[in-house]
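Chemist: Residue numbers (this note's numbering): 13 to 431. Glycine included, each C-beta is placed from N, C-alpha and C at the ideal position. Values in this document were obtained by computation on a predicted structure and should not be read as measured data.
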Ligand code: LLP
C-alpha cells in the first residue's frame, strides 16, 4: 500500500500534487511519501512483535538522512556497509547500539570508527577480516561484539546479480569455516562472539528460502551452544521482495510467522535488515518528456531522467511502472523511454505501452524509492537530482539538486597546466 494516487486527474503524493513540487524543484526529482515509509516500517516491525527483535534498515537502499531519521524515530536501527553509511546513520541519531555492520571488505579505518561508535555488532565475512577486527580491537583495548556471516548456500531464485547466498558468491563463510572461526573468536580476549548472520539475496518472492536460511542458522546456533559458545543474535539479513509489476511477494506478516515459528522460545533475538520492502514503494521518480522521436518502426520518448539517476532498468533489466502525472489511461503506443545519456543501455523502459504524449508532460516512474537515488551517479556530468519528502499537505526538499560547481568539487588543475 502506498500514498501515490490520482486526485481529480492529477497524480499526488499524499495531499500534494506532483505538479506543485515540480514547479518548485524542476525535473528530474525523486519524491518520497513519509506516510508510506512510516506505514511500511510499522507493518514490518509489528509483524515480529511476538519475538525479541530489532529491525535494522538497510541504509544502502536509500540513505538520505531524512529517510534514516524517519526510521530512527520509529525505533529502527541500521544495517550499514561502509564508514559513509555509519556516518549517515549516526548523523540521523540512530544509536550505535542499533547498528550492525555488514559487507565483505571493511577497511581498518572503518572498523575503528565502528568500534568507536560502540555498534551492536560487526558481521565479519572472512577469516582475514576477522583478523583485522582483532588487530584493531587489540590496539584500542576493546572487546568487540562479532557475528560471522555464513553462506547457507540457498538459492533465493532471484536475479543473479542480487543473489548472495550461493556457493559461487563472494559473501559470507561456509559453515565448516565459520564453525572453526567461532572457536577461534572464543579464545581471543578482544573478540566476543554474539551473533550469526546471513543475507541470501534481494527481491525474494517466496518464503521457502527464508525458512531454509533461518532453520540452518538455528541449527548452527544449537551446535555452537553444545560446544559452549552461546550466541544472542540471529541476523537473517534483508531480501523480502515488493511488487514492481505483477509480483506477489509474501506479506510481512506471513514472512514473520514462518520465522517466528523457528525462533520462538529459543531466547534468541532476531535481527532483520530490510531495505527494499520499506522504501521501494515509498518513492517515485519524476521526469519530463523532452522529445518524441520516431524512427522506422520505433518510437522513443526521450526524457530528462537517465540511467545515472535510476540505473535499475539498465543494470538489471528491471521493470518500473511509468505513468503520466496528468491522468491519461489509454495506452495507444509502444515506446522505449530513454534518457539523454550516450549509451544504448540508457533506458527507463523498453517496448512499453503508454498513452500518446506531447513533449513537456511529466512522467512518474514508480517503485523508485529503493536503489534509486542511492545508486545514482554523475555520469555524463549530470547533476544528481533533487529529493523531496512529502508529509501530508507539506513537502520538504531533503536534498538539493547539485550545482555545476558541485560537479567539479574536489577537482583541481595542476600548476603545470594552468592558463
Ligand atoms: N543486508 C545485506 C547484507 C545486504 O547486502 C542487503 C542488500 C540488504 C540487507 C537489503 O536487502 P533488501 O531488503 O533491500 O532486499 N541494487 C539491487 C539490490 C542490491 C541488494 C544488495 N544487498 C537492486 O536495485 O535491486
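1) Nearest CA to the CA of residue 369: which residue from 26, 348, 105, 281?
2) I need the DSSP call for residue 331, collapsed to helix, strand or coil.
3) Can you tell which of 317, 267, 382 has its C-alpha closest to the C-alpha of residue 256?
4) Given the structure, does residue 46 come close to the ligand LLP, in the sense that its CB is under 8 Å from one of the ligand's heavy atoms?
5) Checking the sheet assignment: what are the DSSP bridge partners for residue 92?
6) Okay, do the segment 371-382 and the segment 287-302 touch, 3+ Cβ pairs below 8 Å being the bar?
7) Helix, strand or coil for residue 65 per DSSP?
8) Please confirm whether any heavy atom of the ligand LLP lies closer than 8 Å to the CB of residue 218.
9) Sort 350, 27, 339 by Cα distance to residue 317 and report the nearest one.
10) By the three-class DSSP mapping on this structure, what secondary structure does residue 268 have?
11) So what does DSSP say about residue 376, is it helix, strand or coil?
12) Could you work out which residue in 37, 228, 18 is closest to residue 399 when comparing CA atoms only?
13) Note the first and the last residue of the continuous alpha helix (DSSP H) segment covering residue 30.
14) Give a yes or no on contact between the segment 243-257 and the segment 17-35, applying the rule of three or more CB pairs nearer than 8 Å.
15) Any heavy atom of the ligand LLP closer than 8 Å to the beta-carbon of residue 252?
16) Quick check on DSSP: helix, strand or coil for residue 86?
17) Should residue 45 go down as buried or exposed, given a rule of 16 or more other Cβ atoms within 10 Å for buried?
18) Tell me the residue span of the beta strand (DSSP E) that contains residue 156.
19) According to the Cβ coordinates, are residue 295 and residue 379 closer than 9 Å?
20) Whole-angstrom Cβ separation of residue 360 and residue 332, contact assumed at under 8 Å?
21) What does the alpha-carbon distance come out to for the pair residue 270 and residue 276?
22) Which same chain residues, not among the five before or five after residue 70, have their C-beta less than 7 Å away from its C-beta?
23) So is residue 142 buried or exposed if we call it buried at 16+ other beta carbons inside 10 Å?
24) Residue 387: beta carbon under 8 Å from a heavy atom of the ligand LLP?
25) Please tell me whether, using a cut-off of 8 Å, the distance from the CB of residue 437 to the nearest non-hydrogen atom of the ligand LLP is below it.
26) Got a sec? Which residues, its chain only, sit under 8 Å from residue 272 by beta carbon, not counting five neighbours each side?
27) Just to confirm, does residue 263 get its C-beta within under 8 Å of one of the non-hydrogen atoms of the ligand LLP?
28) Tell me the residue span of the beta strand (DSSP E) that contains residue 205.
29) Considering Cα atoms alone, identify which of 415, 428, 401, 430 is closest to residue 479.
30) What do you reckon, are the CB atoms on residue 208 and residue 229 nearer than 9 Å?
31) Quick one: using the 10 Å Cβ neighbour count with 16 as the cut-off for buried, is residue 432 buried or exposed?
32) Please report how far the alpha carbon of residue 58 lies from the alpha carbon of residue 280, in whole angstroms.
33) Assign residue 278 to one of three DSSP states: helix, strand, or coil.
34) Specify the secondary structure class of residue 142 as computed by DSSP and reduced to three states.
35) Taking residue 128 as the reference, give the member of 388, 139, 111, 386 with the closest Cα.
36) For residue 361, list the residues DSSP reports as bridge partners.
Modeler: Reading it off the structure:
1) 348
2) coil
3) 382
4) Checking every heavy atom of the ligand LLP against the Cβ of residue 46, none is found closer than 8 Å.
5) 113
6) yes
7) strand
8) no
9) 350
10) Three-state result, residue 268: helix.
11) strand
12) 37
13) 30-37
14) no
15) yes
16) Coil.
17) Around the beta carbon of residue 45, 16 or more other beta carbons sit within 10 angstroms, so the residue counts as buried.
18) 156-161
19) yes
20) Confirmed, about 7 Å.
21) 10 Å
22) Same-chain partners within the cutoff: 91, 250, 285, 286, 287.
23) buried
24) yes
25) Residue 437 is absent from the structure shown; the chain starts at 13 and stops at 431.
26) 60, 62, 63
27) no
28) 203-209
29) The requested residue 479 does not occur in the structure, where the chain is confined to residues 13 to 431.
30) yes
31) The requested residue 432 is not part of the displayed model; the chain covers only 13 to 431.
32) Distance between the alpha carbons of residue 58 and residue 280: 18 Å.
33) coil
34) helix
35) 111
36) In the DSSP output, where bridge partners are listed per residue, residue 361 has 349.
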